[in-house]
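A short worksheet on the structure shown next.
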């Protein structure tokens with residue numbers, strides 16, 4: 374799987390938008406971009422995924438650059454409950470196994 | 009609640025011993041994945057089973073083994089335990105295609121003393 378690069382940590386204020394960046398300059402045409410998060414003392418939790426177009430769901434939005442070499446996870450209004458480690462993961466499903474390969478992720482801290 | 013159940017939640021055992029961790033996937037999910045999370049290594053993929061057959065293998069030690077049973081539950085067996093095996097062990101399940109979301113259990117915290 375292609376590698377992703379994320380900042381180690383970010384800070385946000387409660388009720389403000391948060392933009393979590395991810396660089397994946399070696400992404401291939403068949404790589405899907407997945408985001409998971411891990412709240413303290415819990416298992417990872419799916420957030421969102423996409424291929425080329427921007428995606429929205431009830432948790433977040435995913436903005437994908439036109440060249441697909443980077444993406445941004447957007448939390449529209451951060452809450453204290455959003456404090457977690459966020460993982461950006463590339464999945465080449467047609468050509469590899471089905472497992473998720475986690476990197477270091479970004480630790481998001483939300484200040485009240 | 010992800011729908012994935014892992015038991016036990018906590019396990020304390022001595023070096024050299026053998027333990028079995030159990031995972032019940034979400035109803036209907038055919039794939040089960042095992043991950044190890046230690047403080048210095050992050051989340052490491054161990055092994056995947058799909059409908060009873062081994063599908064992919066990560067950095068799983070030879071002392072570790074797993075299986076998936078006909079009712080789709082899975083067990084991870086850890087033997088000759090060492091202090092360094094102390095970690096959180098997560099199980100995840102997903103429907104056939106991994107492009108849909110994977111659901112993780114709450115994990116089993118293993119402490120080897």
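Protein chains in written order, with the working numbering: chain A, 374 to 485; chain B, 9 to 121. Don't be surprised by glycine CBs; every beta carbon is placed ideally from N, CA and C.
Helix, strand or coil for residue i, going by three-state DSSP, please let me know.
i	result
residue 11/B	coil
residue 92/B	helix
residue 480/A	strand
residue 383/A	strand
residue 474/A	coil
residue 400/A	coil
residue 102/B	strand
residue 393/A	strand
residue 378/A	strand
By how many angstroms is the C-alpha of residue j removed from the C-alpha of residue i?
i	j	result
residue 454/A	residue 480/A	13 Å
residue 519/A	residue 57/B	There is simply no residue 519/A to check, as chain A begins at 374 and stops at 485 in what is shown.
residue 100/B	residue 68/B	16 Å
residue 61/B	residue 484/A	46 Å
residue 420/A	residue 21/B	35 Å
residue 475/A	residue 76/B	23 Å
residue 385/A	residue 91/B	37 Å
residue 50/B	residue 44/B	8 Å
Looking only at DSSP bridge pairs, what is residue i linked to?
i	result
residue 116/B	97/B
residue 411/A	458/A
residue 418/A	410/A
residue 463/A	406/A
- Query: Counting only runs that start and end within the region 16-86 of chain B, where is the beta strand (DSSP E) found for 3 or more residues in a row?
  - Reply: With a minimum length of 3 residues, the continuous beta strand (DSSP E) runs that stay inside the region 16-86 of chain B are 18-21, 27-32, 39-46, 50-58, 61-65, 72-76, 82-86.
- Task: Entirely within the region 429-461 of chain A and at least 3 residues each: give me those beta strand (DSSP E) ranges in chain order.
- Result: Within the region 429-461 of chain A, the complete beta strand (DSSP E) runs of at least 3 residues are 434-437, 443-448.
- Item | Validate contact between the region 24-34 of chain B and the region 82-96 of chain B using beta carbons, cut 8 Å, 3 pairs | Below 8 Å, enough C-beta pairs join the region 24-34 of chain B and the region 82-96 of chain B to call them touching: three or more.
- Item | Near-chain C residues of the region 56-85 of chain B (beta-carbon distance less than 9 Å), N- to C-terminal order | Absence of chain C from the displayed structure is noted, the protein chains being A and B.
- Task: Decide if the region 446-466 of chain A is in contact with the region 378-396 of chain A; the criterion is three or more beta carbon pairs, one per stretch, under 8 Å apart.
- Result: Yes, the region 446-466 of chain A touches the region 378-396 of chain A.
- Query: Are the region 374-383 of chain A and the region 396-408 of chain A in contact at 8 Å, needing three or more beta carbon pairs?
  - Reply: Cβ pair count under 8 Å is three or more, so yes.
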